[in-house]
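First up is the structure itself, then whatever we jot down about it.
Written out as structure tokens, the structure reads:
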């Protein structure tokens, strides 16, 4: 803050060229701030020591509070405004610098820089409060529900974790073949938690107050939602049936069982498959490195150096793949340090962590993945390579720090590679006999993904999450959040609301995505178009791999998503093109 004040005093809010150099220096300061936040954000989630997690959480709150104050600094904003308002000065900026400057200005605007001083202070206060509420909600949403043993039928109690006289249920058990187990898990896990719902209510109220302070109500979005009414609700099928029945139908129609595939999909073989694929597409390979003293947070984490055949070291990927106490049961990608061009001309190498929740195996037995686990590994590695292959000037737009609409494109594209026999046959060999995975098994697996595909897509399109945020904020509500959810689910979803459940209290994406959750389907449409046009003919094409890197991955968030898509596809796709791409993916004959 003292550095900021000194530089602003030097600039005096008038000299745009000085303003340019100020922002160059300012971005280097932002690099350090972002490194601290990203590192702490990972530690608070993944570190096995609660003392480290608590310290990291406090760091996140303290730094984020400081950043909120900077985002409403009028003098800082005015300096940038002077720069962007001077055509001669802007003409001297390279595209990356101009893009980042515009993104910083956007950050100022969405944080209320246009408000008077009292409202700006209010904005900072609300954002700080929101950070605390988001943390509390995310933590609470992951905790299991507990119920007395006597409240569950005796013959299904063994299916759940027992804690003395109580039973803990930490999920929906959606793949259980026992309908009563699925129903019990659904009703217990989603049973309304008054403290958690109060936290969510305060969180949404805080967001609503912030929105009112900034930009009022989402009228146009609400109007468009009204056009998507789905018709009558189906009462013969219950919400706890969807995933199990769709999986059972796939298994029966295509004769697929995970246990038949797993012997061909050892973790080591899958990692080698990724290594071979990236070597052919990008000239990139993985090299295991010994960690330095104190570098690892768990003994089972592995460090990979990502090396290009001519460019040398590109960055590091830490593979945190295995379950441990207090580790979230989710697969995700964390950026620890973004890439950027340093003053001396050297490139700051990106560092990321791939976190999964794979089971540990006894002794030296290889870990055998299910097809879903293998697909998730490819998905997360798509995020990692987005970070590794990006070569942006500023860390503010490095790798996955891009628009939400585009963030999932590289990861979903990797799912297409994971479903192509030409790719899978390169590495999927029986861990004991060396026999390759039969092509017919891969074909059946791919066919199974199209079965119930329309229902799965409808589940995402009509997911109440897309509309709950809009409906809640559209006008003052005299209903509880659960009342609103029941109304939304009845109007836009084909399955009935179950009384005394609060699905929204378990959906952590309400914090991270909110009403932007549609972007997953948007990314899937783009990835599908890229696959069909660029890689379907030859999934190992080095020419297309380099084209993909140069037109999409290299830019991170440094270019508008549509410009990257246009560069990749050599055309401007329409809304109809995106929709048709999703529909074509459901075609059983494709």
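Residue numbers (the numbering used here): 6 to 595.
Think of the CB as a built atom: it goes at the ideal place given N, C-alpha and C, for glycine as much as any other residue.
If you're wondering where the values come from, they're calculated on a predicted model, not measured in any experiment.
Check: Residue 449 and residue 261 closer than 9 angstroms at C-beta; Outcome: yes
Check: Reduced DSSP category for residue 334 - H, G, I as helix; E, B as strand; rest coil; Outcome: coil
Check: Counted within 10 angstroms of its Cβ, other Cβ atoms place residue 4 as buried (16 or more) or exposed; Outcome: Outside the shown range of the chain (6 to 595) lies residue 4, about which nothing can therefore be said.
Check: Contact under 9 angstroms by Cβ, residue 143 with residue 270; Outcome: no
Check: N- and C-terminal bounds of the alpha helix (DSSP H) containing residue 324; Outcome: Counting along the chain, residue 324 falls outside any alpha helix (DSSP H), though it belongs to the beta strand (DSSP E) covering 317-327.
Check: Boundaries (first-last residue) of the beta strand (DSSP E) holding residue 361; Outcome: 356-363
Check: Rounded separation between residue 110 and residue 584 - CA only; Outcome: 33 angstroms
Check: Coarse secondary structure for residue 586, derived from DSSP in three states; Outcome: helix
Check: C-beta contact flag for residue 564 and residue 100 at 9 angstroms; Outcome: yes
Check: Cβ shell of residue 487 (< 6 angstroms), same chain only, five flanking positions each side left out; Outcome: 507
Check: Given residue 118 as reference, the closest of 79, 366, 134 and 106 once Cα atoms are compared; Outcome: 79
Check: Selected residue, minimal CA-CA separation from residue 308, among 298, 323 and 126; Outcome: 323
Check: Residue 513 (DSSP reduced to helix, strand or coil); Outcome: coil
Check: Three or more C-beta pairs below 8 angstroms linking the segment 567-586 and the segment 529-549; Outcome: yes
Check: Identified DSSP bridge partners for residue 308; Outcome: 294 and 323
Check: Residue span of the beta strand (DSSP E) that contains residue 641, given as start and end; Outcome: Nothing about residue 641 can be reported from this structure: the residues present for the chain run from 6 to 595 only.
Check: Residue 389 to residue 283 span [Cα, whole Å]; Outcome: 12 angstroms
Check: Backbone secondary structure at residue 488 - three-state DSSP; Outcome: helix
Check: Close Cβ partners of residue 35 (< 7 angstroms) along its chain, the five nearest in sequence each way excluded; Outcome: 401
Check: Cut-off 8 angstroms between Cβ atoms - residues of its own chain near residue 315, not counting five sequence neighbours on either side; Outcome: 288
Check: Cβ-Cβ distance between residue 453 and residue 441 below 9 angstroms; Outcome: no
Check: Residue burial classification, residue 169 (beta-carbon count within 10 angstroms, cutoff 16); Outcome: exposed
Check: Nearest neighbour of residue 301, chosen from 46, 201, 52 and 335 [CA to CA]; Outcome: 52
Check: Three-way DSSP call (helix, strand, coil) for residue 234 in this model; Outcome: Because residue 234 sits at a pLDDT of 46, beneath the cut-off of 50, its placement in the model cannot be relied upon, and the following sentence gives the value as read from the coordinates. DSSP places residue 234 in coil when its eight states are reduced to three.
Check: Residues bridged to residue 289 [DSSP beta-bridge criterion]; Outcome: 313
Check: For residue 152: DSSP bridge partner residues; Outcome: 172
Check: Residue from 413, 343 and 312 whose Cα sits closest to the Cα of residue 395; Outcome: 343
Check: Close Cβ partners of residue 281 (< 6 angstroms) along its chain, the five nearest in sequence each way excluded; Outcome: 431
Check: Separation of residue 166 from residue 159, as counted between CA atoms; Outcome: 13 angstroms
Check: Rounded straight-line distance, which links the Cα of residue 383 to that of residue 285; Outcome: 16 angstroms
Check: Burial state of residue 378 (16 or more Cβ within 10 Å); Outcome: buried
Check: Beta carbon of residue 416 nearer than 9 angstroms to that of residue 451; Outcome: no
Check: Range covered by the alpha helix (DSSP H) that runs through residue 575; Outcome: No alpha helix (DSSP H) holds residue 575; DSSP gives it neither H nor E.
Check: Residue range of the unbroken alpha helix (DSSP H) whose run includes residue 415; Outcome: 414-423
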